[in-house]
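Student:
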Amino acid sequence: MITLYFSPGACSLASHIGLEETGAPYELKPILLAKGQQKTEAYLKINPRGKVPSLSVDGKVLVENTAILTYLARRFPEKKLMPTDPSEEARCIGTMCWFSSVVHPSYQHSHRPERFAEGEAAQAEVKETGRKSFWANCHEIDSMFQKNDWIMGSEYTLVDPYALVFYGWGVRGGFPMKELSAYTAWQDRMMKRPTVQKSVESEQNVST
Ligand SMILES: N[C@@H](CCC(=O)N[C@@H](CS)C(=O)NCC(=O)O)C(=O)O
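Residue numbers (my numbering): 776 to 983.
#1: Does DSSP put L992 in a helix, in a strand, or in coil?
#2: For G894, count neighbouring Cβ atoms within 10 angstroms of its own Cβ and tell me buried if that reaches 16, exposed if not.
#3: Exposed or buried, which one is G798 when buried takes at least 16 other CB atoms within 10 Å?
#4: Select from Y846, Y801, E839, G793 the residue whose C-alpha is nearest the C-alpha of S876.
#5: Indicate, with yes or no, if ligand 1 has a heavy atom lying under 8 Å from the CB of A767.
#6: What residue does the alpha helix (DSSP H) around I868 start on, and which one ends it?
#7: Using C-beta distances below 7 Å, list every residue in its chain close to T983, excluding the 5 sequence neighbours before and after it, in chain order.
#8: For V832, does the three-state DSSP call read helix, strand or coil?
#9: Taking F781 as part of the beta strand (DSSP E), name the residues at either end of that continuous run.
#10: Look up P805 in the DSSP assignment and give the residues it is bridged to.
#11: Can you tell me which of P936, F950, A911, W961 puts its alpha carbon nearest to the alpha carbon of S974?
#12: On the CB-based measure, 16 or more other CB atoms within 10 Å of its CB, does D917 come out buried or exposed?
#13: Could you name the residues that DSSP lists as bridge partners for L990?
#14: Looking only at its own chain, which residues have a Cβ that is under 6 Å from the Cβ of S881, when we skip the five neighbours before and after it?
#15: Using only the alpha-carbon positions, how far apart do L794 and L847 sit?
#16: Examine the Cβ distances between the region 935–949 and the region 785–793 and report whether three or more of them are shorter than 8 Å.
#17: Can you determine whether any heavy atom of ligand 3 sits closer than 8 Å to the C-beta of T815, and answer yes or no?
#18: To test your reading of the DSSP string, which unbroken alpha helix (DSSP H) runs of 4 or more residues are found completely within the region 890–930?
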């Protein structure tokens with residue numbers, strides 16, 4: 776049995792779409808960040824870091840989108856969700872590592888400055904620096920689509936659902952995402968995929 780622990784609209788959406796792409800049966804367990812459910816004793820037993828996503832596969836827990844998406848692509852090779860050529864696969868992993876270690880933290884700085892600095896002035900500075908970095912990162916993502924239909928090239932991969940998370944956060948954070956024409960055209964393409972629609976809609980239907 777495969778179980779995904781997620782929170783609506785969080786970065787776990789990437790793993791949720793990834794799982795949907797496999798066509799395998801799975802169950803969803805909402806962990807509502809807004810209600811602090813990631814810090815409950817029960818969830819900390821699953822992921823002691825108190826973060827989503829977590830993917831439980833027959834009782835073995837995997838964490839981190841990069842690891843989960845790579846696992847799903849390898850576990851279901853017939854779905855061709857990531858290249859099998861080692862250097863092409865490494866290019867995908869490299870982009871996901873950049874998402875996780877640079878793009879995601881830049882949004883966190885702009886959204887949750889109180890986690891990184893004490894005092895109003897310091898927090899305002901962290902927030903402003905975070906906004907600038909996040910916007911620069913969105914421009915870089917936009918440039919990745921200039922010649923390609925999908926983020927890694929001509930083929931859809933599980934790196935695409937991860938890039939969707941940041942588009943959504945950009946909209947939510949009031950960034951002028953429509954100015955990024957290639958990223959926006961790709962987002963429209965993504966939203967036409969039934970797997971993406973299903974995952975996004977099911978998260979919107981979770982009562983928070
Ligand atoms: N690098 C991790 C990031 C996980 C992460 O920070 N998740 C956030 C949601 S977007 C979370 O669970 N935050 C809860 C908290 O920090 O209390 C990944 O990609 O899986």
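Even glycine gets a Cβ: it sits at the ideal position worked out from N, Cα and C.
Tutor: Taking the structure as given:
#1: It is not possible to answer for residue 992, since the shown part of the chain is limited to 776 through 983.
#2: exposed
#3: exposed
#4: E839
#5: Here the chain comprises residues numbered 776 to 983, so residue 767 is not present and cannot be evaluated.
#6: 861–873
#7: P783, L807, A809
#8: strand
#9: 777–781
#10: F781
#11: P936
#12: buried
#13: Here the chain has residues from 776 to 983 only, and residue 990 is not among them.
#14: G905, S908, F909, N912
#15: 7 Å
#16: yes
#17: Among the ligands modelled here, namely ligand 1, ligand 3 does not occur.
#18: 895–919
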